[in-house]
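Position in the sequence shown (from 1) plus 4 gives the number in the working numbering. Think of the CB as a built atom: it goes at the ideal place given N, C-alpha and C, for glycine as much as any other residue. Fair warning: this is a prediction, and the values are worked out from it, not measured in the lab.
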Amino acid sequence: MTNLKGAERAIYVQDMFGRIAHRYDMMNRLMTAGQDIAWRRKVIRIAEIPKNSVLLDLGAGTGDLAFEATIQNPDCKPVAADFTLTMMRIGQHKPGYEKIYWNGADALYLPYPKDTFDTVVSGFLLRNVVDIKQSLEEQYRVLKRGGKLVALDTSRVRKSILRPLIHFYMHRVIPFLGKFLTGEQDAYVYLPESSDAFLFAEELAALLVKVGFREVGFQRLMFGAVSIHWGVK
C-alpha cells in the first residue's frame, strides 16, 4: 500500500479513512492507551495561539485539534480542513462543532490566500501526503509572517533495545485490533507501513528549515515513535 504513488496513493488514503471514520477516534484512544489526547493538548499549548486569531487544523479528520483549540483558546477561530469528508461529518456530530468552520481541502493545494492563518496545526497528516515538501510549502504560504506551524506525527524509530517491541506492537497488535474492532485490517496494516516509510524526526526538522521555517524544533514521544514538530514563518 505504501508503494502506491501520486494520485493512486491519494485516492487509496482518502478511501481508507472514509471506511474507518466511524471508529477512528476509538482506535486512536486504544492504540495509544489514551495518550493521543494529551499529545493534542500539548500541540495546542506549543502553538501558543494568539488571542482572536485564525487557526487551521489541516488533515483535521474528526477535528480533535480544532476542538482542543476552542477549549484552550475560546476566542480563536478554528478552521478544520480535510479531503476525507466522511471524517469531518463524524466531527460535526460532536458537541461544540458549531464553533468550527469545516472545509473540504487537499493538503497539497490549499484553497486559501497567502498569509491567511496565525497558526497551522496537524495531527498525523504528513506521513499520509504524497509530497511532504509541497504540503509544508502550502502551510508556509497560508501562514502569516510570525505564524507558527505545529505538527504531530509518527517518526521512524532508530535502532534501540525497544525497537523490536515497538515493531511487534505496530505490525502485529495494531492490525489485529483494527481487524477485530473495525473489520478493516488493511487500514491498520497501512498505518505501521506508512510510519516505517516516513522520515526520522531529524529529517522532518531539516525539511521544515529547507521550506523556510525558523525556530524549528521537535519533541519525541512514545519512545521516539511519535514526535511533535514546530517552526515559525
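| Asked | Found |
| --- | --- |
| Identify, in the order they occur along the chain, each residue of the same chain with its Cβ nearer than 6 Å to the Cβ of methionine 174, setting aside the five sequence neighbours on each side. | Pro196 |
| Can the beta-carbon of leucine 101 be found less than 7 Å from the beta-carbon of valine 83? | Per the sequence shown, the amino acid found at residue 101 is tyrosine instead of leucine. For tyrosine 101 and valine 83, no; Cβs fall outside 7 Å. |
| In whole angstroms, give me the CA-to-CA distance for phenylalanine 227 and phenylalanine 202. | 16 Å |
| Cutting at 8 Å between CB atoms, please list the residues of its own chain near arginine 162, excluding the five before and the five after it. | Phe204 and Gly228 |
| Hey, aspartate 157 and arginine 131: beta-carbon distance below 7 Å or not? | yes |
| Would you kindly report the start and end of the unbroken beta strand (DSSP E) that includes glutamate 219? | 218-225 |
| Return the chain-ordered list of same chain residues with a C-beta closer than 6 Å to the C-beta of methionine 92, the five sequence neighbours on each side being excluded. | Asp86 and Trp106 |
| For valine 154, which residues of its own chain have a beta-carbon under 6 Å away from its beta-carbon, when the five flanking residues on both sides are left out? | Val47, Ile50, Ala51, Val125 and Trp234 |
| Between the region 136-145 and the region 111-121, are three or more C-beta pairs nearer than 8 Å? | yes |
| Measure the Cβ-Cβ separation of arginine 72 and arginine 45 and say whether it is below 7 Å. | The sequence given here places glutamate at residue 72; arginine does not occur at that position. Cβ atoms of glutamate 72 and arginine 45: closer than 7 Å. |
| What residue from Gly127, Thr123, Ser164 and Leu147 has the CA that sits closest to threonine 66's CA? | Gly127 |
| Measuring alpha carbon to alpha carbon, tell me which of Leu34, Cys80, Leu62 and Leu147 ends up nearest proline 179. | Leu34 |
| So, does the CB of proline 196 fall closer than 7 Å to a CB anywhere in chain C? | Of the protein chains in this structure there is only one, and it is not chain C. |
| In its own chain, which residues sit with a C-beta less than 6 Å from the C-beta of cysteine 80, not counting the 5 before and 5 after it? | Ile53, Ser57, Leu59 and Ala73 |
| So what's asparagine 77 in DSSP terms, helix, strand or just coil? | coil |
| Which class does aspartate 135 belong to by DSSP, given the choice of helix, strand or coil? | coil |
| If you draw a straight line from the alpha carbon of valine 134 to that of alanine 37, how long is it in whole angstroms? | 29 Å |
| Can you round the beta-carbon distance between glycine 187 and threonine 90 to whole angstroms, since I take them to be within the 8 Å contact cut? | Contact flag wrong, Cβ pair sits at about 16 Å. |
| Spatial neighbours of leucine 259 within its chain, please: CB distance less than 8 Å, with the 5 preceding and 5 following residues excluded, ordered by chain position. | The structure shown does not extend to residue 259, since the chain is modelled only from 5 to 237, so the question has no answer here. |
| Any idea if methionine 30 is buried or exposed, counting beta-carbon neighbours within 10 angstroms, 16 or more meaning buried? | exposed |
| Work out the CA separation of valine 236 and arginine 218 for me, nearest whole Å. | 5 Å |
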